[in-house]
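The numbering used here runs 17 ahead of the 1-based position in the sequence shown. For glycine and all other residues, C-beta sits at the position ideal for the given N, C-alpha and C. Heads up, the thing below is written out as structure tokens.
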Amino acid sequence: MKIFNTLTRRKDDFVPLEEGKVKMYVCGPTVYNFIHIGNARPMIVFDTVRRYFEYKGYDVNYVSNFTDVDDKIINKAIEEGVSAQEISQRYIAECKKDMAGMNVRPATTHPLATEEIGGMIEMISDLIEKGYAYEKNGTVYFRTRRFKEYGKLSHKNLDDLRSGGRSLLVTGEDEKEDPLDFVLWKPKKEGEPAWESPWCDGRPGWHIECSVMSRKYLGEQIDIHAGGEDLVFPHHENEIAQSEAANGKEFAKYWMHNAFLNIDNHKMSKSLGNFRTVREISEQYDLQILRFFMLSAHYRSPLNFSADLMEASKNGLERIVNAVEHLKHLAGAAKTEKMTEEEKTAFAKTDEYVKAFEDAMDDDFNTADAVASVFDLVKYTNTTAEGESSREYLQSLADRLVKLSDVLGLIVDRKEEILDADIEKLIEERQAARKAKDFARADAIRDELLEKGIVLKDTREGVQWKKI
């Protein structure tokens, strides 16, 4: 398996730190509003990377944070007259709904920055002790030039940055030893959330958060650190400096970055009026279509969102879904059970499509070519499956299509829709069964509803249900 490594600027063979295991950290969103489709791309891309590792038999520890303390969150809280915590908790919940709609699996751990402040203070103290950081009037800065390898990820030169590149300044320009030093801790402003520290009541800088959360949940060294290409500099560059200065060892072996997403060939921005949230997209399309669209291009290629491309994605996904439904329909009416020798030979040919799929994914997770392999398999099933086919052959074809699609996070085996009235009727039957102490029947009803995508929650006010 080869991964394009931003650090080396080439495709490197993947060799895990620990055989059979992958430690992966993906920078998550800052939660002050509904996530937009730019946020959705890394979520979908790296969820697919995780799924493929698991398909290959790896045990993946996948950590993705929520940045729940930030200027944007504070500004939104002031605007609404509520606490920053209320804003962040609200939009974490909304983000998780959108992730579920896109079939993005929950991370092994979703750490919150506000719950890891102690670890941040500890790392900052360590950096001061080692001479990599210093304090001025309550603000703690990182000595960028002290870390000799600064710029190795973004391939930027410190002197070029100083003479006219993107500024690293955050606050207190006149207090810094060097204009390129960046903030690790800053004093609170009036009305802002703050925590006690040896330097002042304040809050951490953005970059230190990920370094600390990655170390706590994955250890001092990780296999893969990932995020959007906008995070390469300064965020990921600063993470490397902090982590390697504090821990004295290489932080991450592989750095993966997805390219930008444009809308109708323009960069997404509120000023252009083309800012689209995932929630808005869900009002027009099933979010599985958005996922299919995101995977239709290689993750390192810029991607352009448009209505035409979404319609094409809708049709493409429908082709796979229809193929699975057709196979299941034929299997249900099949007259013979076991595969014939001819069918065994025919099914063995599908190994070619599986190999093509795996070859594409092994080559830096080329989902565009992987999807093409799935379409080739669809075409093959459509030409070889017929009314006279055995149930085993038809089901095996369907299972293979479902399995490869699942690696991409695409749900193509659609469960039968259930009406609200039928749900309520089954809930009433379950309540009656519980009253009669027939717990086996009550559990069976719960399981039946869960199979159809309905989750029950028993509350004091009665049984609540929701579709997933």
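Alpha carbon of residue i to alpha carbon of residue j, nearest angstrom
i, j, result
"A363", "T401", "8 Å"
"I20", "H315", "12 Å"
"E446", "K483", "18 Å"
"L344", "R463", "28 Å"
"N174", "H274", "20 Å"
"D325", "K206", "47 Å"
"G168", "L473", "51 Å"
"S105", "L201", "21 Å"
"Y271", "E254", "13 Å"
"L289", "D198", "34 Å"
"G245", "A263", "25 Å"
"L278", "T126", "27 Å"
"F322", "R296", "15 Å"
"S100", "D281", "37 Å"
"S468", "D439", "Sequence inspection shows Glu at residue 468; the Ser mentioned does not correspond to that position. C-alpha separation (whole angstroms): 14 Å."
"F392", "L320", "21 Å"
"T294", "V121", "16 Å"
"K38", "V388", "26 Å"
"Y10", "M18", "Any property of residue 10 remains undetermined from this structure, which presents the chain solely from 18 to 485."
"C112", "A57", "10 Å"
"R26", "E465", "50 Å"
CA nearest to the CA of residue i, picked from the options
i, options, result
"N154", "W223, D177, V32 and G219", "G219"
"M356", "F374, E409 and H283", "E409"
"L178", "D88, P196 and K165", "P196"
"R317", "F63, I471 and C217", "F63"
"W223", "I145, I239, D240 and M137", "M137"
"P128", "S171, K474, V86 and E146", "V86"
"A385", "L312, M327 and A351", "L312"
"A365", "L304, L414 and M140", "L414"
"H53", "A211, D439, V99 and M116", "M116"
"F374", "V43, L235, D29 and Y72", "Y72"
"G135", "A211, G265, S406 and V48", "A211"
"Q412", "V388, I428 and A348", "A348"
"D91", "N56, Y49 and A130", "Inspection of the sequence shows that residue 91 is occupied by Ile rather than by Asp. With distances taken between Cα atoms, I91 lies closest to Y49."
"E335", "Y302, K361, E358 and R107", "Y302"
"E328", "I298, D368 and E360", "I298"
Residues near residue i by beta carbon distance below 7 Å, same chain, minus five either side
i, result
"Y69", "M378, F382 and V424"
"A340", "V395, T398, N399 and L418"
"A459", "R447, A450 and R451"
"Y430", "Here residue 430 is Asp; the residue named in the question, Tyr, does not match the sequence. Excluding residues within five positions, the ones whose Cβ falls inside 7 Å are V341 and V419."
"Q481", "K474"
"E237", "N264 and K266"
"N291", "I280, D281, H283 and M285"
Residue i, buried or exposed, once every other Cβ within 10 Å from all chains shown has been counted against 16
i, result
"R183", "Its pLDDT being 44, under 50, R183 is placed unreliably in this model, and the coordinates cannot settle the point."
"T188", "Summary for T188: the model assigns pLDDT 44, below 50, so the residue's position carries little reliability; its value from the coordinates is reported in the next sentence. When all chains shown are included, T188 counts as exposed."
"F309", "buried"
"E213", "exposed"
"E261", "buried"
"H346", "exposed"
"Q259", "buried"
"M165", "Contrary to the premise, residue 165 reads as Lys rather than Met in this sequence. Per the 10 Å Cβ criterion, exposed."
"H172", "exposed"
"H242", "buried"
"S286", "exposed"
"G426", "buried"
"K193", "buried"
"I444", "buried"
"D240", "buried"
"A124", "buried"
"K147", "exposed"
"E405", "exposed"
"G118", "buried"
"G208", "exposed"
Cut-off 6 Å between Cβ atoms - residues of its own chain near residue i, not counting five sequence neighbours on either side
i, result
"R163", "Y149"
"K331", "I306"
"R67", "V77 and Y79"
"G45", "S81, N82 and F83"
"V157", "I141, A150, L201, W202 and W216"
"L24", "L170 and W272"
Cross-strand partners of residue i (DSSP beta bridge)
i, result
"W202", "V157 and P221"
"V424", "In the DSSP output, where bridge partners are listed per residue, V424 has none listed."
"A365", "DSSP, once it has assigned bridges, lists no residue as partnering A365."
"N275", "G245"
"R27", "N22"
"I280", "H283 and F322"
"Y234", "DSSP output for Y234 lists no bridge partner at all."
"T84", "T47"
"A269", "I239"
"Y42", "V80 and H242"
Other residues of its chain near residue i: CB distance less than 8 Å, five sequence neighbours each side excluded
i, result
"E133", "E226, V229, M230 and K233"
Minimum Cβ-Cβ distance from residue i to chain B less than 8 Å
i, result
"K114", "Looking at the structure shown, chain B is missing, and only one protein chain is on hand."
Residue i: CB within 7 Å of a non-hydrogen atom of the ligand NAD
i, result
"R162", "The ligand NAD is absent from the structure shown, which contains no ligand whatsoever."
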